[in-house]
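Residue numbers (the UniProt record's numbering): 1 to 161.
Accompanying notes for the structure given below.
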């Protein structure tokens, strides 16, 4: 439990325009409640598969990719520790009122020191977004996120409105 609180505290300190900000948490009767920024437009999956009239145009898709890449760069290189998200997909890309996108849902995230050896971990996430080397080696590093980001980009490009 102590490690979990430490990770929540770390994620709560993240400040980047393309990351959903954790505002706080509450632990009450064995239930953990997380409070995040309000994202009125929900997640990108809703736009890609649920609302034909809401499909992003090509300029918006490019901006979505740029926003998610910027958030990932921050997590991998600019924070005190390396944060490996491990769950990059359209459901975890949230959209604010101005159609700016932010990466959210850090439930599977792993933290490690810069330059540290990759951690061994269980395989988690959606199979089509999981890098093949993770299944083989169980070593978690930033390349895991890059594989999922590439899959996410492919999905964003091939889904038609």
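In this text, a Cβ means the ideal position worked out from N, Cα and C, and glycines have one as well.
Nothing here was measured: the structure is a model prediction, and the numbers come from that model.
In the three-state reduction of the DSSP assignment, residue 124 falls in the coil class. Setting aside the 5 residues that flank it on each side, residue 110 is surrounded in the same chain by 83, 84, 86, 119, 121, 140, each with a C-beta closer than 8 angstroms to its C-beta; the list follows chain order.
For the 8 angstroms CB-CB criterion, residue 42 and residue 35 do not form a contact.
Counting C-beta pairs closer than 8 angstroms gives fewer than three between the region 50–63 and the region 14–23, which falls short of the contact rule. In the structure shown, residue 64 adopts helical secondary structure according to DSSP, grouped into three states.
For residue 148, no beta strand (DSSP E) segment is defined; the enclosing uninterrupted segment is the alpha helix (DSSP H) at 142–158. Cβ contact annotation for residue 101 (same chain, cutoff 8 angstroms, sequence separation greater than five): 18, 44, 63, 64, 67, 68, 93, 94, 95, in chain order.
A straight-line Cα-Cα distance of about 9 angstroms links residue 38 and residue 97. Shown here, residue 88 sits in coil according to DSSP, grouped into three states, outside any helix or strand.
Remark: C-beta atoms of residue 142 and residue 76 approach each other more closely than 8 angstroms.
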